[in-house]
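Mapping to the numbering used here: the sequence shown position 216 is 230, numbers consecutive.
Don't be surprised by glycine CBs; every beta carbon is placed ideally from N, CA and C.
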Amino acid sequence: MKRPLHYAWAAAALALAAPASAQRYLSEVFSDANLTITNDVIYGTNIDFLSSNFASPDVNANVTELQTAVTLGNPIPAAYFDPNDGSTAVKVTNLRLDVYEPSQGVDTETERPLVIYVHTGNALPPPINGSPNGTRKDSSAVESCKRFARRGYVAVSMSYRLGWNPLAATELERRGSLLNAIYRALHDVRQCVRSMKANAATYRIDPEKIIVVGEGTGGYITLAHATLDDVQELYIEKFRPDPFDPSVSFVNPAQVGDIEGFNGQLTLYRPNGQSSATQFCVNMGGALADTSWLAPGDQPMVAFHTVFDPFAPFTEGIVIVPTTGGPVVPVQGSNLFMELVNEYGNNDAFINLPNSNPFTARARALYGTTQTHGSNSVQIRTDVEGLFPVVRPQWPAPAQEEASPWQWWDPNSAIAQTVVSAGPPPITAHVASLASNPDMSPTKGRAYLDTVMGYVNPRIVCALQLGPCSLVGIDEAEGHDSVEIWPNPATDRINVASAEGLIRRWRLLDINGRQVSTGNTAAQRFTIARDGLVAGTYFMELEVDGARIVRKLMLD
């Protein structure tokens, strides 16, 4: 997908606001009490392949009625929404999302970057997918969205249409079924983007600063969204039932819609005047359908991928069905496609980031190394800036290699306790998922999300120009740990002290980078009056012997 990116800075304007505005997206500047969560927002309506009966002779008549209703703007009859109503063979579903945002009564920013989170789940609902996870309400999805919102983004966790046949008799049947499921989900992501852009004023988002984050299966979908821009890319050899017939693909656009989800017999989406373009892609444990989809000018990418992932290959290989262990389709993993992303220059916006935090330093320390588990060795490539290789222990059998250490779930929930394999012994969804996450816990999952946030947000700041890259990581200037601000939170006066070096100048900025107070001094200690500043999060920028130091300050 070719989308030119422009990295020229409006230097003078950004220089004034950069320290705190960059800090806004790098650190949590809001609390949970400052967040507004809006659940079950409908972003689209389309045909549900999970509950429809396409073997019925009524399909053509149903589709004609649905297409006519949508074209004329008439309501879709209720029978189409009810899976238990036998009067229609084709079923329709409303696609929903949950919005997490800093409360608009607290946050004064009017054009906030948007994060769209696409959940995992093997394109099947839990526990049919063999897991307790697989919805927009997953622990990792909810926690990630809250963390983005606390940093000042608007975050959306979206549902998408599910349904394919992992039990099909042949690999080709499984492949065709899965490719169509991912293609439909891609349409849903693009509909979600268009819907959020149409409601940009309502949610106070910047429609030109949209990040799509995909976890597991969502990673495959997100990568497809970022790279598939030509219908001919659906006709590559692995997408053809007959590799020698380039005219037929498993995915039939005339039937299921073009790459935007329009103009197909079995799609109800219509243009709303908005583009589906986004500006940043994050993959957490997915893989790319084919590197031929990548091109210079594609949006920047960041990837988190366990080196010995048993389901999504780290470098390249066959996608494995978690529920059956059956092969589906060859794909390319993060270790391979991220090398091309960098070769094409798509990550140039942040390629020169300093090792200013432990997450960047850790990722780069792994580049060029060989990781070994038993007889299996993986060479992590060197030119893969934007890739965070996740190295986990090799667990003894019957445990598998790990896939998604950032996931966790309630082991006592009804879904987790559902038997997904009769055995003997019977295997629950909880036990089945422990095979690839044997030390699963909320503490572990949150620790890995710390890594995700610490690694990805500096790169988003750079690529989307939320602040100059040169200022990313300045909040704790090396050698000046002795600078203190107290009390914090403060109610009246703020004390500032430096045990080493004179403080020459200070500025107080709000969370949007606006200067609210400033002064010159030449002391190691001084006091600032609150002077009527409203309660909230601020940043104290200090110049100490030529170094710039930023400290977070809360006013009660």
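Annotated as distal: glycine 331 and proline 310, with beta-carbon spacing of 8 Å or more. Its chain contains Leu111, Asp112, Val113, Tyr114, Leu128, Val129, Ile130, Tyr131, Cys159, Cys206 and Met210 as the residues whose beta carbon lies nearer than 8 Å to that of valine 170, once the 5 sequence neighbours on both sides are disregarded; these appear in chain order. For valine 170, the uninterrupted beta strand (DSSP E) segment begins and ends at 168-172.
In this structure, phenylalanine 540 sits away from tyrosine 469, with a CB-CB distance that is not shorter than 8 Å. The Cβ-Cβ distance between arginine 544 and leucine 569 falls below 8 Å. In summary, asparagine 74 is exposed, with fewer than 16 beta-carbon neighbours lying within 10 Å of its beta-carbon over all protein chains present. Per DSSP, the unbroken beta strand (DSSP E) holding cysteine 295 starts and ends at 294-298. Taking the Cα of tyrosine 283 as reference, the smallest distance to any Cα among Ala291, Ile273 and Thr292 is reached at Ile273. In terms of Cβ geometry, glutamine 288 and arginine 208 form a close pair [threshold 8 Å]. Annotated three-state conformation of aspartate 397 is coil, per DSSP.
Per DSSP, glutamate 42 is not a residue of any beta strand (DSSP E), being assigned neither H nor E. The Cβ-Cβ distance between arginine 150 and leucine 49 does not fall below 8 Å. Per DSSP, valine 77 is one residue of the alpha helix (DSSP H) stretching across 73-86. Beta-bridge partners of isoleucine 219 (DSSP): Arg126.
Glycine 228 sits away from isoleucine 219, with the two beta carbons spaced by 8 Å or more.
Between leucine 40 and valine 466, the gap from beta carbon to beta carbon reaches 8 Å or more. Per DSSP, reduced to three states, the secondary structure at asparagine 509 is strand. Collapsing the DSSP output to three states places isoleucine 196 in a helix. Residue Asn286 holds the alpha-carbon nearest to the alpha-carbon of glycine 87 among Asn286, Val265, Gly400 and Ala379. When secondary structure is reduced to three states using DSSP, lysine 151 falls in the coil class, being assigned neither helix nor strand.
Nearest Cα to glycine 58 within the set Thr107, Arg376, Ala47 and Asn67: Thr107. By a beta-carbon distance limit of 8 Å, alanine 93 contacts serine 101. Their separation comes to about 5 Å. Burial check for glycine 166: the Cβ neighbour count within 10 Å reaches 16 or more, so the residue is buried. Residue nearest to leucine 280 within the set Glu415, Asn60 and Arg473 is Asn60 (criterion: CA-CA distance). Following the DSSP letters along the chain, one finds lysine 566 in no alpha helix (DSSP H) but inside the beta strand (DSSP E) bounded by residues 561-569.
Looking at Val445, Pro267 and Glu555, the one whose alpha-carbon comes closest to that of alanine 430 is Val445.
Here isoleucine 142 carries a coil assignment [DSSP, helix/strand/coil]. In the structure shown, valine 466 falls within a helical segment according to DSSP collapsed to helix, strand and coil. For methionine 352, the enclosing alpha helix (DSSP H) starts and ends at 348-357. In this structure, Gly177 is the residue among Gly177, Gln421 and Ser261 with its C-alpha nearest to the C-alpha of aspartate 62. Judged by beta-carbon spacing, alanine 449 lies beyond the 8 Å limit of glutamine 408, meaning their Cβ atoms are not closer than that value. The alpha-carbon separation between asparagine 451 and valine 405 amounts to approximately 13 Å. Separation of valine 342 and phenylalanine 328 (C-alpha to C-alpha, rounded to the nearest whole angstrom) is 16 Å. Under the Cβ criterion (8 Å, minimum of three pairs), the region 418-427 does not count as touching the region 368-384. In the displayed model, histidine 133 falls within coil according to three-state DSSP, outside both helix and strand.
Inclusion of alanine 511 and glutamate 498 in the CB contact set at 8 Å is warranted, their separation being smaller than that value.
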